[in-house]
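Protein chains in written order, with this note's numbering: chain P, 5 to 148; chain Y, 5 to 148; chain U, 5 to 148.
C-beta: ideal position from N, C-alpha, C; glycine also.
Structure, as structure tokens:
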Amino acid sequence: MVSRSCQEVSATVLAEVHQLYGRQSHLIDGGSAREWAETFVADGEFHSPSYPAPVVGTDELTRFAELFFERARDAGEVHRHVITNVDVVAVDDETLDVRAYLQIVATARGGDSRLVRFTTIADHLVRQNYSWLIAQRTVRRDDS
Amino acid sequence: MVSRSCQEVSATVLAEVHQLYGRQSHLIDGGSAREWAETFVADGEFHSPSYPAPVVGTDELTRFAELFFERARDAGEVHRHVITNVDVVAVDDETLDVRAYLQIVATARGGDSRLVRFTTIADHLVRQNYSWLIAQRTVRRDDS
Amino acid sequence: MVSRSCQEVSATVLAEVHQLYGRQSHLIDGGSAREWAETFVADGEFHSPSYPAPVVGTDELTRFAELFFERARDAGEVHRHVITNVDVVAVDDETLDVRAYLQIVATARGGDSRLVRFTTIADHLVRQNYSWLIAQRTVRRDDS
Numbered sequence: 005m006v007s008r009s010c011q012e013v014s015a016t017v018l019a020e021v022h023q024l025y026g027r028q029s030h031l032i033d034g035g036s037a038r039e040w041a042e043t044f045v046a047d048g049e050f051h052s053p054s055y056p057a058p059v060v061g062t063d064e065l066t067r068f069a070e071l072f073f074e075r076a077r078d079a080g081e082v083h084r085h086v087i088t089n090v091d092v093v094a095v096d097d098e099t100l101d102v103r104a105y106l107q108i109v110a111t112a113r114g115g116d117s118r119l120v121r122f123t124t125i126a127d128h129l130v131r132q133n134y135s136w137l138i139a140q141r142t143v144r145r146d147d148s
Numbered sequence: 005m006v007s008r009s010c011q012e013v014s015a016t017v018l019a020e021v022h023q024l025y026g027r028q029s030h031l032i033d034g035g036s037a038r039e040w041a042e043t044f045v046a047d048g049e050f051h052s053p054s055y056p057a058p059v060v061g062t063d064e065l066t067r068f069a070e071l072f073f074e075r076a077r078d079a080g081e082v083h084r085h086v087i088t089n090v091d092v093v094a095v096d097d098e099t100l101d102v103r104a105y106l107q108i109v110a111t112a113r114g115g116d117s118r119l120v121r122f123t124t125i126a127d128h129l130v131r132q133n134y135s136w137l138i139a140q141r142t143v144r145r146d147d148s
Numbered sequence: 005m006v007s008r009s010c011q012e013v014s015a016t017v018l019a020e021v022h023q024l025y026g027r028q029s030h031l032i033d034g035g036s037a038r039e040w041a042e043t044f045v046a047d048g049e050f051h052s053p054s055y056p057a058p059v060v061g062t063d064e065l066t067r068f069a070e071l072f073f074e075r076a077r078d079a080g081e082v083h084r085h086v087i088t089n090v091d092v093v094a095v096d097d098e099t100l101d102v103r104a105y106l107q108i109v110a111t112a113r114g115g116d117s118r119l120v121r122f123t124t125i126a127d128h129l130v131r132q133n134y135s136w137l138i139a140q141r142t143v144r145r146d147d148s
């Protein structure tokens, strides 16, 4: 086996991280934009090739999530962030590196569901006030 | 961070819940209808816009799961319940609220796989005999 | 409830297994063929109806993973193994049976993503040097 982490990830830490990822998509997909933004630290960063500049800080992240939700709604669709393959590496007691697959699935009212985009996210997490928050997310699209 | 639960979900409880959801789809998809029904309490309820009336109790739930399996088989297909984005909120020591994404994927023998339906489930779980069982499931379809 | 395992799976064991499955797909999908092969024991076996003979041992498994990655790349595509519905049954302290759904999703550069194949994996895991490794994997395709 190759060495891959400075230390083991405990069951407790993994549970906390799985809860964060389990919950996060429901927030942005359901229109809880501010709560989604608050899964990042106050100056958290979101980098994606789909957008020209990084989205930085709670206010920008909130607006980003609002736009995501509004655009889907205006198109008469529901968009979902499907998270799988969560892999957690402990950097130290207070920081984690997480990667996962994130698929965007869209469904038209009265219509079919389709896989819009397949991405991989690479997140850097930090512990704040006994919670894990995202300090930086970088999205890679499989089609680019 | 917004307050979202009366108490933390422990790693042990989360493991029990993930095992329940990891296992449940294999049961209905593989034709183990009675065992699927027994992941609900004896008077458990299943509410879905796809069906005119709620399905209530072990016998009705068993028949529901049998029909799901038989219809796929009669169509020459295999149908799968793909569960992701499990989010667990503790109401108290004995009850949990869980939401998750549940996709139905169908594959024809010798044919392609397709995403049939994207749904969100909202479950209410209770602890019985040291196991978590579903007291009520409500399904929301993205296309309706 | 039906009896289904000799013993409970602890939160710690489930965390270890979820980490293994969370990580494994990133390895083969990202071209880390040898590291993927090393998630199996040294004489580990991979059985699939997609291939005429079982793939056995670290060297063969490594070559298998290299070919998977090279074929996708040569086709101008990225292929992903999406794992869900992980269900873990403890046989004893040192061995586990795991089943899960494994979908292959392909994305062309500049093109759409598509679900190529839906499979179910049945794995037999053993503990070695404080890690869980796959002793045998059997893949079942829904289209065959």
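Smallest Cα separation from A37(Y): which of E74(Y), P53(Y), V120(Y), E12(Y)? Locating residue 37(Y) in the second sequence gives position 33, where the first residue counts as 1. If we check each option's Cα against that of A37(Y), E74(Y) comes out closest.
Can you tell me whether E98(U) is helix, strand or coil according to DSSP? Working through the third sequence from its first residue, we reach residue 98(U) at position 94. Assigned with DSSP and collapsed to three states, E98(U) falls in coil, not helix or strand.
If we define contact as Cβ-Cβ less than 8 Å, is D147(U) a contact residue for chain Y? As a working note, residue 147(U) is residue 143 in the third sequence. Yes, D147(U) counts as interfacial toward chain Y.
Step through the CB atoms of chain P and report whether any lies within less than 8 Å of the CB of A141(Y). Taking the first residue of the second sequence as 1, we reach residue 141(Y) at position 137. It is Arg, not Ala, that sits at residue 141(Y) in the sequence shown. No, because no Cβ of chain P sits closer than 8 Å to the Cβ of R141(Y).
Is it true that the CB of H85(U) sits closer than 8 Å to the CB of L106(U)? Your numbering for residue 106(U) matches position 102 in the third sequence. Your numbering for residue 85(U) matches position 81 in the third sequence. Contact: yes.
By how many angstroms is the C-alpha of D146(U) removed from the C-alpha of A126(U)? By one-based count along the third sequence, residue 126(U) stands at place 122. By one-based count along the third sequence, residue 146(U) stands at place 142. So the alpha carbons of these two residues sit roughly 14 Å apart.
Under 7 Å Cβ to Cβ from A111(U), same chain only, skipping five residues before and after it: list those, please. Within the third sequence, numbered from 1, the residue matching residue 111(U) stands at position 107. Sequence inspection shows Thr at residue 111(U); the Ala mentioned does not correspond to that position. The residues are E81, V82, S117.
Contact between the segment 19-37 of chain P and the segment 91-99 of chain Y: three or more CB pairs below 8 Å? Output reads yes: the segment 91-99 of chain Y touches the segment 19-37 of chain P.
Have a look at G115(Y) and E49(P) and give me their C-alpha separation to the nearest angstrom. Within the second sequence, the letter at position 111 stands for residue 115(Y). Within the first sequence, the letter at position 45 stands for residue 49(P). Spanning the two alpha carbons is a distance of roughly 43 Å.
For V13(U), go through chain Y and note every residue whose CB falls closer than 8 Å to its CB, in chain order. Position 9 of the third sequence, counting from 1, holds the residue named residue 13(U). The contacting residues are A19, Q23.
Take A41(U) as the anchor and find which of V143(U), Q23(U), I138(U) has the nearest alpha-carbon. If you number the third sequence from 1, residue 41(U) lands on position 37. Comparing Cα positions, the closest option is I138(U).
Sufficient close CB pairs (3 or more, under 8 Å) joining the segment 98-105 of chain U to the segment 129-137 of chain U: Three or more Cβ pairs drawn from the segment 98-105 of chain U and the segment 129-137 of chain U lie within less than 8 Å of each other, which places the two stretches in contact.
Does chain Y have any CB closer than 8 Å to the CB of A69(P)? For the purposes of this step, residue 69(P) is taken as residue 65 along the first sequence, with counting starting at 1. Closer than 8 Å: no.
CA nearest to the CA of S135(P), picked from E12(P), T43(P), S14(P), A15(P): Here residue 135(P) corresponds to residue number 131 of the first sequence, with the count starting at 1. Proximity to S135(P) across E12(P), T43(P), S14(P), A15(P) peaks at T43(P), based on C-alpha coordinates.
Below 7 Å on C-beta distance, what does T16(P) contact in chain Y? Reading the first sequence from its first residue, position 12 is the one you call residue 16(P). Within chain Y, the residues near T16(P) are A15.
Contact belief for L119(P) with L119(U) at Cβ below 8 Å, rounded distance in angstroms: Indexing the first sequence from 1 puts residue 119(P) at position 115. Indexing the third sequence from 1 puts residue 119(U) at position 115. Yes, L119(P) and L119(U) are in contact; Cβ-Cβ is about 7 Å, under 8 Å.
Runs of 4 residues minimum, wholly inside the segment 35-67 of chain U: which ones carry the alpha helix (DSSP H) assignment? With a minimum length of 4 residues, the continuous alpha helix (DSSP H) runs that stay inside the segment 35-67 of chain U are 37-41.
Which class does R144(Y) belong to by DSSP, given the choice of helix, strand or coil? For this step, residue 144(Y) is matched to residue 140 along the second sequence. Strand, per DSSP.
Taking Cβ to Cβ, would you say T142(P) is nearer than 8 Å to H51(P)? In the first sequence, the residue the question calls residue 142(P) occupies position 138. In the first sequence, the residue the question calls residue 51(P) occupies position 47. With a cutoff of 8 Å on beta-carbon distance, T142(P) and H51(P) are scored as near each other.
Run through DSSP, which three-state label would R113(Y) get? Locating residue 113(Y) in the second sequence gives position 109, counting from the first residue. Under the three-state reduction of DSSP output, R113(Y) falls in the coil class, being neither helix nor strand.
Reducing DSSP to helix, strand and coil, say where S29(Y) ends up. Counting from 1 along the second sequence, the entry for residue 29(Y) is found at position 25. Secondary structure at S29(Y): helix, using DSSP grouped into helix, strand and coil.
Going by beta-carbon coordinates alone, are A46(P) and G35(P) separated by less than 8 Å? For this step, residue 46(P) is matched to residue 42 along the first sequence. For this step, residue 35(P) is matched to residue 31 along the first sequence. No.
Please state the DSSP three-state secondary structure of A79(P). Taking the first residue of the first sequence as position 1, residue 79(P) is located at position 75. The answer is coil: DSSP assigns A79(P) none of H, G, I, E or B.
Using the beta-carbon of each residue, which ones in chain C are nearer than 9 Å to L65(Y)? Absent from the structure: chain C. Protein chains present are P, Y and U.
M5(Y) to A76(Y) span [Cα, whole Å]: Counted from its first residue, the second sequence places residue 5(Y) at position 1. Counted from its first residue, the second sequence places residue 76(Y) at position 72. Any reading at M5(Y) must be qualified, since the residue scores a pLDDT of 40, below 50, and its modelled position is unreliable; no value is offered.
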